[in-house]
Amino acid sequence: MSHPERNAMQPELVKMSVEDFESMDDLSLCRACVWDASMKMRGTDNETRSRVYGSLTEGQRAVFMFWVLNARGPRGFTQLHEQLPHLVYEDSFWDGLRAAGRLVGVPELVTLTDAFLALRDQEGNEDAIAKLDAALAQLIRRELPRFSAFIRAHPGQFVQLDS
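If you're matching positions, the sequence shown starts at 53 in my numbering and goes up one per residue.
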């Protein structure tokens, strides 16, 4: 017997061949694994974004949050604030970044996020914020391979492979 409500809550896995999965570069693999969710969330309200995000596997959520950083804040927290003003004052956004760092083994993402949040609403902290921006930009470039490796190590959270 089918349970439509239960099926609707199952995470959507990307269908791809084993050959594609094994040969994709880091950026393409990360993009492929979060693209559908990203498109479902783009330009929608908080309720829709929360519903889509909540339907993702733990791994998909981590890679999605990293993808948001890569796509919308590659120069750091300041750019992220400019690009996503509707999200950056949501605690759940920052909680998602921290969870991504913990799950994938990037504790510096947690540390930088906490440091930024401690400073963001204070006056006269431009130099400190600039340093955090630079550190986050470096982290994003450096850690892309780690997020891709996480996908390859846990394919069942991301892809449905066919031969």
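Glycine included, C-beta positions come from ideal geometry on N, C-alpha and C.
Cα-Cα separation between residue i and residue j, rounded to whole angstroms
{"i": "residue 66", "j": "residue 105", "result": "15 Å"}
{"i": "residue 152", "j": "residue 193", "result": "16 Å"}
{"i": "residue 202", "j": "residue 107", "result": "19 Å"}
{"i": "residue 82", "j": "residue 118", "result": "9 Å"}
{"i": "residue 199", "j": "residue 213", "result": "19 Å"}
{"i": "residue 86", "j": "residue 124", "result": "14 Å"}
{"i": "residue 56", "j": "residue 135", "result": "Confidence at residue 56 is low in this model, with a pLDDT of 40, below 50, so its placement is unreliable and the value that follows should be read with caution. Their Cα atoms are separated by approximately 36 Å."}
Counted within 10 angstroms of its Cβ, other Cβ atoms place residue i as buried (16 or more) or exposed
{"i": "residue 70", "result": "exposed"}
{"i": "residue 100", "result": "exposed"}
{"i": "residue 59", "result": "Here residue 59 scores only 41 on pLDDT, less than 50, and its place in the model is too uncertain to base an answer on."}
{"i": "residue 112", "result": "buried"}
{"i": "residue 209", "result": "buried"}
{"i": "residue 165", "result": "buried"}
{"i": "residue 195", "result": "buried"}
{"i": "residue 122", "result": "buried"}
{"i": "residue 77", "result": "exposed"}
Which listed residue (the options) has its alpha carbon closest to that of residue i
{"i": "residue 187", "options": "134, 81, 171 and 161", "result": "161"}
{"i": "residue 204", "options": "154, 64 and 73", "result": "73"}
Cβ neighbours of residue i in the same chain (closer than 6 Å, five flanking residues each side left out)
{"i": "residue 177", "result": "171"}
{"i": "residue 90", "result": "none"}
{"i": "residue 155", "result": "114"}
Unbroken stretches of the alpha helix (DSSP H), 4 residues or longer, contained in the region 61-131 = 70-75, 78-93, 98-106 and 110-124
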